[in-house]
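S.K.:
Numbering (the numbering used here), first residue to last: 298 to 433.
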């Protein structure tokens with residue numbers, strides 16, 4: 298079974314001292330440590346388990362700049378066979394619908410049997426990308 302897993306590179310904010318940025322609409326990102334979104338990590342783990350039981354492949358996909366490569370490397374180390382990073386300055390600050398459309402644009406070109414996403418992102422907790430992607 299070929300599985301696609303959508304993952305997000307998010308800041309570890311549990312113990313970080315957060316400050317509002319100059320726009321007043323976000324947090325100051327300087328000095329934050331980033332990692333794979335916890336819920337996406339669960340989806341990745343399940344995809345690898347499926348692959349081990351039924352053979353096939355796992356493809357991890359993320360959207361973001363070059364620093365998101367560290368998250369993709371973790372996906373590969375945990376059992377993903379392929380990692381894809383979608384990047385374009387136009388993708389910055391995309392809402393859930395735009396994010397799902399961006400992911401859909403590449404996923405529809407791949408061979409897959411199943412798409413997994415985490416329940417929600419740890420940075421915005423919107424929980425909308427997965428359901429929107431499912432509808433597309």
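The beta carbon of each residue, even a glycine, is placed where N, CA and C say it ideally should be.
#1: Residue 332 by DSSP, collapsed to three states: which one?
#2: Flag this pair as touching only if the region 369-381 and the region 350-360 have three or more C-beta atom pairs under 8 Å; answer yes or no.
#3: Please check the pair residue 301 and residue 333, which I expect to be a contact at CB under 8 Å, by giving their CB distance rounded to whole angstroms.
#4: In chain order, which continuous runs of the beta strand (DSSP E) of length 3 or greater are located wholly inside the region 344-376?
#5: Is the region 382-396 touching the region 362-373 in the sense that three or more CB pairs, one from each, lie closer than 8 Å?
#6: With a cut-off of 8 Å, do at least 3 Cβ pairs link the region 336-350 to the region 410-428?
#7: Return the chain-ordered list of same chain residues with a C-beta closer than 7 Å to the C-beta of residue 328, the five sequence neighbours on each side being excluded.
#8: Residues bridged to residue 341 by DSSP?
#9: What does the Cβ neighbour count give for residue 396, buried or exposed, with the cut at 16 atoms within 10 Å?
#10: Using the Cα positions of residue 424 and residue 394, report the straight-line distance between them to the nearest angstrom.
#11: Buried or exposed, going by whether 16 or more other CB atoms sit within 10 Å of the CB of residue 406?
#12: Quickly, what does DSSP pair residue 301 with across the bridge? List them, please.
#13: Taking its Cβ as the centre, do 16 or more other Cβ atoms sit within 10 Å of residue 369, making it buried, or is it exposed?
M.R.: Here's the rundown:
#1: Taking the first residue of the chain shown as position 1, residue 332 is located at position 35. In this structure, residue 332 counts as strand in the three-state DSSP scheme.
#2: yes
#3: On the chain shown, residue 301 is found 4 positions in, with the first residue counted as 1. On the chain shown, residue 333 is found 36 positions in, with the first residue counted as 1. The Cβ separation is near 15 Å, so there is no contact.
#4: 355-360
#5: A contact is defined here as three or more CB-CB pairs under 8 Å, and the region 362-373 meets this definition with respect to the region 382-396.
#6: yes
#7: For the purposes of this step, residue 328 is identified with residue 31 of the chain shown, where counting begins at 1. Excluding positions up to five away in sequence, the list is empty.
#8: Your numbering for residue 341 matches position 44 in the chain shown. Paired residue(s): none; residue 341 is not in a bridge.
#9: What you label residue 396 is simply residue 99 of the chain shown in a count that begins at 1. Burial call: buried.
#10: Numbered from 1 along the chain shown, position 127 holds the residue referred to as residue 424. Numbered from 1 along the chain shown, position 97 holds the residue referred to as residue 394. The C-alpha of residue 394 is placed about 11 Å away from the C-alpha of residue 424.
#11: Translated into the one-based positions of the chain shown, residue 406 becomes position 109. Residue environment analysis places residue 406 among the exposed positions, since fewer than 16 neighbouring C-beta atoms fall within 10 angstroms of its C-beta.
#12: Counting from 1 along the chain shown, the entry for residue 301 is found at position 4. Note: residue 301 sits in a beta bridge opposite 356, 412.
#13: Taking the first residue of the chain shown as 1, we reach residue 369 at position 72. Looking at its Cβ environment, which holds 16 or more other Cβ atoms inside 10 Å, residue 369 is buried.
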